[in-house]
Ligand SMILES: Cc1cc2nc3c(=O)[nH]c(=O)nc-3n(C[C@H](O)[C@H](O)[C@H](O)COP(=O)(O)OP(=O)(O)OC[C@H]3O[C@@H](n4cnc5c(N)ncnc54)[C@H](O)[C@@H]3O)c2cc1C
């Protein structure tokens, strides 16, 4: 790894990878991932990518309208316009990189349906769409001589220097530092601030903390999405049962094994996620039980094995055969609609700092993300960030000088239990429906944790940095909820 790059991209999910590939090969680019390059929310995406690839039975206007309805019209309409109009070309571009979406027997691309969509417009690779996209983007990235990818490298602090940034790193836990003219944060979600989430261990909101430490505007952090149908098991990382399973006809049942959605919403099982999650909680209060199920057993076994191989395997690992058994499900944290505030070119409020993908808030999703719009957002706004950086470089901004760096890693070990405590507070205070009393007491305790982390002279380890990120994210969410 060199010490100076034109562009530093923090994160190797779809947002970070596609931004890197959209930059000209004349720029030196460093892409970092905190753990392995395939451990990300992107790699776990099952359902697919929503895009109007043909206007035969669909339109940009319908995709726009579905997105606005799901977002409770709190979306930024300009951002949604950009998403629905430009998205299809980005989907075609990743197909040129080799991404293989499922095809119909006549060779046309297969499209599925998910909650909140009025048309079949979601393209997918079986039920492992994210892994397919990440793998093909990584293959393309390795062909590019201008891009360096480093795994197991965490950015723990970002500082402004002259016209660029100095990023302080823990590479395999050893400190180092790198300089760049432009920095793109693509650090993904915040799921690990909750006790139960679909997000992997890397989703600790680091990018949001790094940006807020620089004074960047953070927006709508309380817009957290709870997916209605995660596998109801004891694991912290809950296995997702994709919306596409309901899209392909699964029924949602209560503890009496009865369908109940008709009592709450006429869109039944295909209502948007926040609606279905709230209906489950209301039904749970009514029946006094947390037992809910998805039933897809009426579909043909061979069809299910081919269409949902990942979900079949994942459920089998928990002893549930989806072709014969009911799948136990319950809501859990899944996605963050808010994040680092950005404009239509993914620019944050700090010059030369960009944010793309789940850590950013483009305004596309409003209060609730429409299924399969997030991979699309990461593609569209990742490319737009790259185009903006390219324009700025062509305008000839000066490069920053390299300055000496003294690592700061000595200090006391992090006390055990702080992260667990943060998760319990969040789970109690704000799970689907906020509990105002628990929000207020939780906020006080989180503030005390932040003060302890900042003043405790702890060693700068990945654990310490992630605990600080989780605490900052929890504080910002609870404060926003408290202020209504
Ligand atoms: C189970 C599941 C299923 C989903 N299904 C779909 C779907 O079907 N369709 C859809 O559109 N969306 C889906 N989503 C959402 C979608 O996958 C994500 O929103 C999107 O992929 C986020 O991409 P990203 O690039 O922003 O972040 P991620 O893919 O999460 O990547 C984040 C990257 O940042 C790195 N990172 C984090 N902190 C640091 C740090 N401090 N230093 C260095 N690197 C760091 C991580 O190592 C990782 O490489 C799903 C999400 C989950 C969890």
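Numbering (my numbering), first residue to last: 171 to 654.
Idealized CB from N, CA, C, for every residue including glycine.
Where residue i falls, given that 16 or more other Cβ within 10 Å makes a residue buried
i, result
"residue 304", "buried"
"residue 475", "exposed"
"residue 206", "exposed"
"residue 624", "exposed"
"residue 306", "buried"
"residue 574", "Because residue 574 sits at a pLDDT of 48, beneath the cut-off of 50, its placement in the model cannot be relied upon, and the following sentence gives the value as read from the coordinates. Exposed, because fewer than 16 other Cβ atoms sit within 10 Å of the Cβ of residue 574."
"residue 402", "buried"
"residue 458", "exposed"
"residue 281", "buried"
"residue 173", "exposed"
"residue 331", "exposed"
"residue 610", "exposed"
"residue 408", "buried"
"residue 503", "buried"
"residue 344", "exposed"
"residue 432", "exposed"
"residue 274", "exposed"
"residue 626", "exposed"
"residue 369", "buried"
"residue 581", "exposed"
"residue 260", "buried"
"residue 203", "buried"
"residue 245", "buried"
Member of the options whose CA lies at the smallest distance from the CA of residue i
i, options, result
"residue 298", "246, 240, 410, 336", "410"
"residue 693", "374, 468, 508, 507", "Because the chain spans 171 through 654 in this model, residue 693 falls outside it and cannot be assessed."
"residue 392", "223, 536, 590", "536"
"residue 524", "478, 455, 334, 483", "334"
"residue 455", "603, 507, 249", "603"
"residue 316", "428, 204, 360, 194", "194"
"residue 541", "234, 605, 582", "234"
"residue 539", "530, 558, 373, 506", "506"
"residue 443", "191, 262, 240", "240"
"residue 320", "451, 340, 242", "340"
"residue 634", "607, 479, 324, 435", "324"
"residue 466", "223, 451, 447, 422", "422"
"residue 636", "420, 360, 617", "360"
"residue 310", "481, 591, 619, 184", "184"
"residue 531", "279, 452, 387, 260", "387"
"residue 209", "276, 294, 300", "300"
"residue 498", "191, 461, 375, 223", "461"
"residue 496", "425, 318, 196, 590", "425"
"residue 416", "631, 284, 446, 622", "284"
"residue 447", "400, 419, 405", "400"
Item to complete: Tell me, please, whether the segment 545-561 touches the segment 212-223 by the rule of three or more beta-carbon pairs shorter than 8 Å.
Response: Verdict: yes, contact present.
Practice prompt. Would you be able to state if there are at least three C-beta pairs under 8 Å between the segment 520-528 and the segment 395-413?
Written response: No contact exists between the segment 395-413 and the segment 520-528.
Discussion item. Suppose only complete runs of 4+ residues qualify. What are the alpha helix (DSSP H) ranges in the segment 276-352, listed by chain order?
Written reply: Runs of the alpha helix (DSSP H) lying entirely within the segment 276-352, each at least 4 residues long, are 299-313 in chain order.
Worksheet item: With contact counted as at least three CB pairs below 8 Å, one residue from each stretch, are the segment 376-388 and the segment 634-650 in contact?
Response: Per the Cβ contact rule, the segment 376-388 is in contact with the segment 634-650 (3 or more Cβ pairs under 8 Å).
Fill in: Segment contact flag, the segment 481-491 with the segment 502-515, C-beta cutoff 8 Å, min 3 pairs
Touching, no.
Practice prompt. Could you tell me whether the segment 558-567 touches the segment 263-272, where touching means 3 or more Cβ pairs closer than 8 Å?
Written response: With the cut-off at 8 Å, the segment 558-567 and the segment 263-272 do not touch.
Discussion item. Could you check whether the segment 174-181 touches the segment 352-359, counting it as contact only if at least three pairs of C-beta atoms, one from each stretch, sit closer than 8 Å?
Written reply: The segment 174-181 vs the segment 352-359: in contact.
Item to complete: For the segment 283-301 and the segment 228-241, state whether three or more C-beta atom pairs, one from each stretch, are separated by less than 8 Å.
Response: Because the criterion of three Cβ pairs below 8 Å is met, the segment 283-301 and the segment 228-241 touch.
Practice prompt. Would you mind listing the alpha helix (DSSP H) stretches within the segment 379-433 that are 4+ residues and don't spill past its ends, in chain order?
Written response: Every unbroken stretch of the alpha helix (DSSP H) spanning 4 or more residues and falling wholly within the segment 379-433 is given here in chain order: 413-417.
Practice prompt. List in chain order: all unbroken alpha helix (DSSP H) runs of 4+ residues lying wholly within the segment 191-267.
Written response: The segment 191-267 contains these whole alpha helix (DSSP H) runs: 211-214, 230-240, 247-266.
Item to complete: Check whether the segment 550-557 touches the segment 593-600, counting contact only when three or more Cβ pairs, one atom from each stretch, lie closer than 8 Å.
Response: They do not touch, by the three-pair rule.
Practice prompt. Tell me, please, whether the segment 409-427 touches the segment 241-257 by the rule of three or more beta-carbon pairs shorter than 8 Å.
Written response: Between the segment 409-427 and the segment 241-257, the count of Cβ pairs shorter than 8 Å is below three; the stretches do not touch.
Item to complete: Could I get the ranges of all uninterrupted alpha helix (DSSP H) runs contained in the segment 430-516, with 4 residues as the minimum, in chain order?
Response: DSSP runs (the alpha helix (DSSP H)) wholly in the segment 430-516: 443-457, 471-477, 479-486.
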